[in-house]
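Colleague:
Residue numbers (the working numbering): 631 to 1004.
1) Taking only three categories from DSSP, how would you classify residue 777?
2) Over the uninterrupted alpha helix (DSSP H) stretch that includes residue 902, give me the two end residues.
3) From the DSSP output, in three-state form, read off residue 705 for me.
4) Opposite residue 954 in the DSSP bridges: which residues?
5) Look up residue 806 in the DSSP assignment and say whether it is helix, strand or coil.
6) Among 771, 716 and 844, whose alpha-carbon lies nearest the alpha-carbon of residue 814?
7) Please identify the residue among 821, 687, 692 and 800 whose C-alpha is closest to the C-alpha of residue 719.
8) Taking contact to mean 3 or more Cβ pairs, one atom from each stretch, closer than 8 Å, check whether the region 898 to 909 and the region 840 to 853 are in contact.
9) Note down, in chain order, each residue of its chain lying with its Cβ closer than 8 Å to the Cβ of residue 652, except the 5 sequence neighbours on either side.
10) Strictly by DSSP, which residues pair up with residue 965?
11) Measure from the C-beta of residue 762 to each C-beta in chain B and report whether the shortest distance is under 8 Å.
12) Assuming residue 834 contacts residue 810 under a Cβ cut-off of 8 Å, what Cβ separation, rounded to an integer in Å, is found between them?
13) Between the Cα of residue 992 and those of 673, 668, 665 and 749, spot the shortest distance and give me the residue it belongs to.
14) Can you tell me whether residue 819 is buried or exposed? The criterion is at least 16 other CB atoms within 10 Å of its CB, across all chains shown.
15) Should residue 758 be labelled buried (16 or more other beta-carbon atoms within 10 Å of its own) or exposed?
16) Going by alpha carbons, who is nearest to residue 921 out of 958, 896, 889 and 899?
17) Can the beta-carbon of residue 780 be found less than 8 Å from the beta-carbon of residue 812?
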């Protein structure tokens, strides 16, 4: 799960420092009045970008301008530090404090590398692991960054495949789960796939302390064009993943799967109307706060589908045009963001009618959102 918790006493104790950093009293009041806050990157106006901490009803608490389009944000709850990554093939990342107490720290991927928009902290927050593309050699790597030294890059190890996208930390605190999308790309050719005939996505389990690849799973030859991109871990410790199909536009393969520890990955069975609604693209995968419901979004298809984490059954669907970001709410449903600046509350119990909570037409939310308790 990616809903994390910050000690509320530490949060409120830091409010004075946050005020000194520029938070208005209204923003401080919003911070104190909510037990859940959210993080997401967004586009502002015609050409501006930022990552923001905001309340459930869309009020900004902390805003950090970005030099380009962001993608995902990873959070270390105990310290209140977070990192926003550039969308691939971007090379910047912004480390910041969710209370606004310190100036953000910007750092970059090495030469001939770029980020894939995702990363994860070690349990103690001392290290950051980021997915990277060695684009001159067509190989995927995990870059290791020292958070106490300006996010200096100190090590790397192979990702277990090509095109590593999202990386998660398993419940054991030691194993990294890496979604290798299988797609070789190079900045000189934009987002063109250079290895379509040989593409092979994988799910890799890696010992973060040694870099050893513990296991590397694929979906088989028949599913090799289903690029594994995004993941979440449910309350039972299983990894749920979503794919983006790179084959024919009229084909409708299964796109959502689950990996139980010690097993091979399995694809869930969705009916054709759900598959049509995905339009061959899963943009985000998220677990509810209780770990029992999985949300899978498709901005290209305009739907969010909910699954029972234990049984794998579909529980419901919401239609959300260009909706992608999903984060857990305390009520075990989800906050959904879209490209039109809307925030909606949705879940399997809403009868297919998500409620609009906030609307800001001057912004466009990016693909991912993180919720955390305070």
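By construction, the Cβ of each residue, glycine as well, lies at the ideal position given by its N, Cα and C atoms.
Modeller: With the given structure in hand:
1) Here residue 777 corresponds to residue number 147 of the chain shown, with the count starting at 1. DSSP places residue 777 in helix when its eight states are reduced to three.
2) Reading the chain shown from its first residue, position 272 is the one you call residue 902. Taken as a continuous stretch (DSSP letters only), the alpha helix (DSSP H) holding residue 902 covers 902 to 908.
3) Numbered from 1 along the chain shown, position 75 holds the residue referred to as residue 705. Residue 705: strand per DSSP, three-state reduction.
4) Stepping through the chain shown from its first residue, residue 954 is reached at position 324. Looking at the DSSP output, residue 954 bridges to nothing.
5) As a working note, residue 806 is residue 176 in the chain shown. It is a strand residue.
6) Residue mapping note: residue 814 aligns to position 184 of the chain shown, counting from 1. Of 771, 716 and 844, the residue nearest in Cα terms is 771.
7) Indexing the chain shown from 1 puts residue 719 at position 89. The residue with the shortest Cα to Cα distance from residue 719 is 821.
8) no
9) Position 22 of the chain shown holds residue 652. Below a pLDDT of 50, predicted positions are generally treated as unreliable, and residue 652, at 49, falls in that range; no measurement from the model is reported.
10) For the purposes of this step, residue 965 is identified with residue 335 of the chain shown, where counting begins at 1. Residue 965 pairs with 957 and 975.
11) Looking at the structure shown, chain B is missing, and only one protein chain is on hand.
12) Taking the first residue of the chain shown as 1, we reach residue 834 at position 204. Taking the first residue of the chain shown as 1, we reach residue 810 at position 180. Yes, they are in contact, since the Cβ atoms of residue 834 and residue 810 sit about 6 Å apart, within 8 Å.
13) Here residue 992 refers to the residue found at position 362 when the chain shown is read from its first residue. The option with the nearest alpha carbon to residue 992 is 673.
14) For this step, residue 819 is matched to residue 189 along the chain shown. Exposed, by the Cβ-count rule.
15) Your numbering for residue 758 matches position 128 in the chain shown. A residue is called buried once 16 or more other Cβ atoms fall within 10 Å of its Cβ, and residue 758 is buried on that count.
16) Numbered from 1 along the chain shown, position 291 holds the residue referred to as residue 921. Nearest option by C-alpha distance: 958.
17) Counting from one through the chain shown, the residue named residue 780 turns up at place 150. Counting from one through the chain shown, the residue named residue 812 turns up at place 182. Against a cut-off of 8 Å, the Cβ pair of residue 812 and residue 780 comes out as no contact.
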